[in-house]
Every structure is written in C-alpha cells, then in structure tokens.
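Asks:
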Amino acid sequence: MQDLAVSLVFIGYAIGVLMTFGLVLTWVERKQGAIMSDRIGANRAYLRIPFTQVKLVWWGLFHGLADGLKMLLKEDWKPIAHDRFAYMIAPWVVFAPVLLVFAVIPFGGTMVPAKLFEALPAVAGWFADRTYPLQIAPLDAGLLVVFAFSGITIIGAMLAGWSSSNKFSLLGAVRAGSQMVSYELIMGLSVLGLILIYGTVNLDAIVRAQSGVLLGVLPAWGVFLQPFGAILFLVAATAENKRIPFDLPEAESELIAGYFTEYSAMKMGLFMFAEFIEIAIVAALFTTLFLGGYNLPYMTDAGFVFPGGHEVALPHGVVLALQVVVFLAKVFIMCSFQILVRWTLPRFRYDQLLRFAWKFMFPLTLANLTVTAVAVWALHLARG
Amino acid sequence: MTFVSRKPYVRKSYWNAPTMSWWERSYLFEIVRGMTITGGVFMRNMGRWMTFRKGALTTYYPEERRADYAANNRGKHVLTQRPDGRPQCIACNMCATVCPAKVIEIEAAFDPDDPVHPKYPARFEIDYSRCVFCGLCVEACPEDAIRMVADVPDLPSGERQHMWLSLDELLHWNPQSDVAKPYPAKGAGTRTREPS
Chain E
9 MQDLAVSLVF
19 IGYAIGVLMT
29 FGLVLTWVER
39 KQGAIMSDRI
49 GANRAYLRIP
59 FTQVKLVWWG
69 LFHGLADGLK
79 MLLKEDWKPI
89 AHDRFAYMIA
99 PWVVFAPVLL
109 VFAVIPFGGT
119 MVPAKLFEAL
129 PAVAGWFADR
139 TYPLQIAPLD
149 AGLLVVFAFS
159 GITIIGAMLA
169 GWSSSNKFSL
179 LGAVRAGSQM
189 VSYELIMGLS
199 VLGLILIYGT
209 VNLDAIVRAQ
219 SGVLLGVLPA
229 WGVFLQPFGA
239 ILFLVAATAE
249 NKRIPFDLPE
259 AESELIAGYF
269 TEYSAMKMGL
279 FMFAEFIEIA
289 IVAALFTTLF
299 LGGYNLPYMT
309 DAGFVFPGGH
319 EVALPHGVVL
329 ALQVVVFLAK
339 VFIMCSFQIL
349 VRWTLPRFRY
359 DQLLRFAWKF
369 MFPLTLANLT
379 VTAVAVWALH
389 LARG
Chain R
6 MTFVSRKPYV
16 RKSYWNAPTM
26 SWWERSYLFE
36 IVRGMTITGG
46 VFMRNMGRWM
56 TFRKGALTTY
66 YPEERRADYA
76 ANNRGKHVLT
86 QRPDGRPQCI
96 ACNMCATVCP
106 AKVIEIEAAF
116 DPDDPVHPKY
126 PARFEIDYSR
136 CVFCGLCVEA
146 CPEDAIRMVA
156 DVPDLPSGER
166 QHMWLSLDEL
176 LHWNPQSDVA
186 KPYPAKGAGT
196 RTREPS
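Those protein sequence lines, which keep their order, are chains E and R. The numbers in the working numbering rise by one with no breaks, and the one at position 20 of the first sequence is 28. The numbers in the working numbering rise by one with no breaks, and the one at position 177 of the second sequence is 182.
1) Measuring only the C-alpha atoms, how far is residue 46 of chain E from residue 60 of chain R?
2) Within the same chain, show all residues whose beta-carbon is closer than 7 Å to that of residue 80 of chain E, passing over the 5 residues directly before and after it, in chain order.
3) Identify the contact partners of residue 55 of chain R in chain E, using a Cβ-Cβ distance below 9 Å as the criterion.
4) By the DSSP assignment, the beta strand (DSSP E) with residue 286 of chain E in it spans what residues?
5) Of the residues E/112, E/142, E/173, which one's Cα is nearest the Cα of residue 148 of chain E?
6) Just the C-alpha distance for residue 98 of chain R and residue 111 of chain R, rounded to the nearest angstrom, thanks.
7) Thinking C-alpha only, which one of E/125, E/336, E/355 is nearest residue 36 of chain R?
8) So, helix, strand or coil for residue 398 of chain E, using DSSP?
9) With DSSP run on the structure shown, which of helix, strand or coil describes residue 150 of chain R?
10) What first and last residue would you give for the beta strand (DSSP E) that runs through residue 131 of chain R?
11) At a Cβ threshold of 9 Å, is residue 40 of chain E touching chain R?
12) Would residue 34 of chain R pass as an interface residue toward chain E - the criterion being a Cβ-Cβ separation below 9 Å?
13) Is residue 138 of chain R near the ligand NAP, with its Cβ less than 8 Å from a heavy atom?
14) Where do the ends of the beta strand (DSSP E) carrying residue 321 of chain E lie?
15) Check residue 86 of chain R in the structure and name its three-state DSSP category.
16) How close, in whole Å, do the beta carbons of residue 136 of chain R and residue 106 of chain R come, if the pair is a contact with beta carbons under 8 Å?
17) Flag residue 46 of chain R as yes if its beta-carbon sits less than 9 Å from any beta-carbon of chain E, otherwise no.
18) Are the Cβ atoms of residue 370 of chain E and residue 239 of chain E separated by less than 9 Å?
19) Tell me which residues share the same chain as residue 72 of chain E and place their Cβ nearer than 6 Å to its Cβ, disregarding the 5 neighbours each side in the sequence.
20) Look up residue 312 of chain E in the DSSP assignment and say whether it is helix, strand or coil.
21) Is residue 143 of chain R closer than 9 Å to residue 81 of chain R when the C-beta atoms are compared?
22) On the three-state DSSP scale, how would you describe residue 12 of chain E?
23) From the DSSP output, read off the bridge partner residues of residue 169 of chain R.
24) Would you list, in sequence order, the uninterrupted beta strand (DSSP E) runs of no fewer than 3 residues that lie entirely inside the segment 38 to 110 of chain R?
25) Using C-beta distances below 8 Å, list every residue in its chain close to residue 209 of chain E, excluding the 5 sequence neighbours before and after it, in chain order.
26) Between residue 14 of chain R and chain E, is any beta-carbon pair separated by less than 9 Å?
27) Checking contacts by CB at 9 Å: is residue 114 of chain R closer than that to chain E?
28) Which class does residue 6 of chain E belong to by DSSP, given the choice of helix, strand or coil?
29) Does residue 118 of chain E come out as helix, strand or coil in the three-state DSSP assignment?
30) Considering Cα atoms alone, identify which of R/149, R/79, R/94, R/87 is closest to residue 157 of chain R.
31) Using a cut-off of 9 Å between C-beta atoms, extract the partners of residue 352 of chain E located in chain R.
32) Contact criterion: CB-CB distance below 9 Å. Does residue 393 of chain E meet it with respect to chain R?
33) List, in order along the chain, the chain E residues whose C-beta lies closer than 7 Å to that of residue 61 of chain R?
34) CA-CA distance, residue 126 of chain E and residue 132 of chain E?
35) Taking a Cβ distance cut-off of 8 Å, strictly less, list which residues of the segment 338 to 362 of chain E are near chain R, in chain order.
36) Could you list which residues in chain E have their beta carbon closer than 8 Å to that of residue 51 of chain R, in chain order?
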C-alpha cells in the first residue's frame, strides 16, 4: 500500500515533468533560437483575463498552448491508401517508449519517509522503516531498459513512413531506420566504457558512484572519467533523436516532413511532442551518466563534504529538494545545449551522415572502449 | 538492344572546390568554435534582455517605428486647412483622377454660404491598404490642398475597412495651412455648417 502510494506520486511527478518539459521546450527552442540570431521570437500570443482587458503575454509562453490547441482542433486528415492499423498506432509507438525511458532514471536520492515526515508521526509510522530511491522503477538493468525502449522508436518511425503510402514518408522512414540503427550502436558502445568503470548498469548505482571525488578535488563525474565517451554519447543521442545536424529523416527541404508527412492534427503533434520530450530524456540520461545525476559536486545524501574535510550536514528534506532541483536544472542546461547545437550547425548530407557514423564515430568508440578496458584492467592489477 | 553505360558515378570535381585543413576536417573543433560564436551572441543578447535593454535587431512593428526611414520618405497625407479650419480642398477630383491605385474617394457638396469656394468635400477618404505613395495626388492638386509628409501611415489592422483615413483625420492629425495663399474668412456669422 505504501509502495503503491509512493509509486503513484513518482509516476505523477515524472509525467508532469516530462509534459512540462515538452511544452516548455517548444517555447525555449523558438525563443533561444531567436535570441541567438538577434531576433525577438514568438511574442504575440496572449491569454486575456476574462471580463478585463488585461492581456498576459509572458514573453510568448502561451504560443505552446496555442499550438497545442490548434493541433487538437484541426481536422484529422488521412491519406486514402493508408494502412489503417499501422497508421493509427505509429505515433503511439514513437511516443510511449520515450515516456517509459524516464521510469528508470533516478531524479533524486533515497527518500526516507520516517525522516521526512518527522513532524507527522502518523505518516512516519505508516511508512515505518521503508526507504524509496527517487526513481519509478529501481531496476538493476536500468541502462539496458533505456536502450531497449529507445530502440522501439525506430519501429514507430518505420511504421509511420510505411503505412502512410507516400514516397516522401517512405524515404524518410528508410533514412530514419538506417540512421537510428547506426547511431544506436554508437550510443550503446559509447557508454560501455562507463559501465566498465562503474561495473554496473544500475543507473542509481552509477549516480552514487559519481558523488565521490577524483584526485582529491575533481567531482567523480562521468564526463571527467570518460570525456570522449561523453562527447560521442551526446552526438549519437542527437542523431538518435533525429535533430539537426542529423535531421535527415525529416529534412524539410528534401522530404517535406519525412516519415510523418502524411500525419495531421494531434497525430503529427505526438511526433513533435515525442521529439521534444526526447530532448529532455537525452538530457536526463546525459546528466545521469556523465554529469553526476542529481548530485552537486561534493554532495552526498547527508549534506556536503568539501575536499578540505569540511562537512555541512543538511536536514533530509532539504537534501531531497536540493537533489530534485539540481537534477532538473542540469537537465534544463543540457536541453538548452542541444538547442544551441540545433541552431548552430547545418545539416549533413546523407552519405556524410552514414560515413560519419561508421568510419569516424564507430572506430572512435571502439578505441575509447579499448583504452578504458586496458586502463581498468591495469588499475585492477595495480590494486591486486 | 540499346547499350547502357554502366560506368560508376564519379562526383564532379571543381577547380575552385573548397579545401579544408586537417583541423577543419576533424569537424569537432570547428563546430565547437561555431557554437562559441552562437553561444556568445546568445549570452550577449540575453544579458541585454535581462538588464532591461533590447537584445534584438528587430523593430516591434506597430509599437515601434524603425529608425532608418529615408529622410525624404513621404508616407502619409495631410489635407491643408484654411485659416478658419475648413479644408482647402475644392473637391475638384483631380487627385482621385490621377491616382494610379484609385484609392481616393471624394464626395463633393455645395455650400451656398461661401460664394468664393462653394464646392467642398463632404467626404474625402484614402484607402491606405492600396495607396502606392507615388505622390501624384500632391502634384495634381491645383489648390495645394493635399500634401504628403515624412511619416508612415501606421495602420496595421486585421480588417481592410480599418485602413481608410477619413476627412477628419486627414485634416487634423497634423494640421497644416497654406501660408502662401491666404484666404479671407468666410462671411461672419452666416455659416450654417460647422467645419468638419
């Protein structure tokens, strides 16, 4: 019963966070792109408080709302020759796994209800001595689940392209298929080094392993242990998400909208929304694997331990809130970085894209993995 | 049977094909350089916005007027007034006739109280949604009754009918009178009509 209640709260939190990120990122993408190119960006949509002339513009934040409303109210147009079943489930096959990935990502440290609700003995007593990691599914195979689910998205893209019986869609789907398979491999290989170092695929354990220090001062974040791995992972994840400079499957100038050309209204909106949520997911994964997850440097579940041996103990609730906020902040910064990339780089040519994957990134990931393996082995030998 | 050439496709090479150094070809360093540029622009503009300055080159169109209009730009019409405030226009329809876009509509009326200039415009309207700002109306006017001044119409609107300027606004938005040709005031006390 207690577990159910906590899980429901976590699931509600996760869905709320992802939806908010999805909505806000559409706005951030426009606004950040505008500011990067000396423009103002979307700023005309407003909410008028009923019965007054007070218009809430809020820097164009309501454009996302207007877009969503437009998509919901549009005619759901279908091509005559579409494959009905595949056409119908394709957006969900893309959308659902993206949400599911977040289930295994830890968004905070371990919650101890007995300590959290000290002021409310009834609640504290109800929870007794249970503890919960802030994670919907604390699985041992966390990272594998991430790759399993993100692999399903390929099927959705292929289904969408095939079922809408349009040449542009089909071309986009074929491109999406080969691109995502190629980059999925690189994404997997680029985190293998990290798995070798930490010796686990449990994401919570990986985050915990990053809360220490390296060489006395450096936080033991993955990005310092595996700088090449971090860059390769980020590049592969961007390609996996089919964003510029890897947006060949939906290259507007060539394929209209690629595999979702024939989708309209909210079905098309689901594809877009999935893409924006995946930005947040990629950012969350990168944060978890390479940026120390929910921890600030020198921070543990009990408070801060600075390199000089100086300790600052914090109450449990404060630490928990801090961890959640730090995680969200890191995720947001990584999202912003991806948007920076999207508004800076031009698109690859398709042959360049695949050559980049197989002839450049693939050998690099293998080299990274080999060096890491040798180093881990040498350290292991040195320790005896 | 036709013979089809099976030669492999060879990408054409150009004499001015861009060459890249190994540094540029390694891609990563150059994109990092590019992202520092765009990121720098972002930080600069964001800093301006956050200190309540403007961080964009854009002009908010209806709210702001762009600073770089030409000095001799003439974008809005004025109907000159007589000393007593009535329009100088004698409703001769010359401007409406010469107008290439046919945007001027004049409805003439007769004022028996003013024997010198009995004809006056009861309605004088300009449709700015179609005006081409050629200035021919100004040249055609025999009475210097219509002028164009350095301004912009500023009539953004969702409705075409809101883009008409009426006689009233043309007379009064920027009151001007013809100083070169003074008119005697109309007979004192005999007027039955207020100046429009």
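For every residue, glycine included, the Cβ atom is placed at its ideal position computed from N, Cα and C. In this text, all values refer to a predicted model and were calculated from it rather than measured experimentally.
Replies: Based on what the coordinates show:
1) 7 Å
2) 274
3) Simply none; closest approach about 11 Å.
4) Careful: residue 286 of chain E lies outside any beta strand (DSSP E), inside the alpha helix (DSSP H) at 273 to 298.
5) E/112
6) 7 Å
7) E/355
8) As shown, chain E starts at 9 and ends at 392. That puts residue 398 of chain E outside it, with no answer to give.
9) coil
10) 124 to 132
11) yes
12) no
13) The model on display carries no ligand, and the ligand NAP is accordingly not part of it.
14) 319 to 321
15) strand
16) 6 Å
17) yes
18) no
19) 31, 34, 35
20) strand
21) no
22) helix
23) R/132
24) 81 to 84
25) 148, 149, 150, 151, 152, 203
26) no
27) no
28) A query on residue 6 of chain E cannot be resolved here, the shown segment of chain E reaching from 9 to 392 and no further.
29) strand
30) R/79
31) 36, 39, 40, 42, 43, 44
32) The first residue shown for chain E is 9 and the last is 392, placing residue 393 of chain E beyond what the model contains.
33) 46, 47, 48
34) 6 Å
35) 348, 349, 351, 352, 353
36) 43
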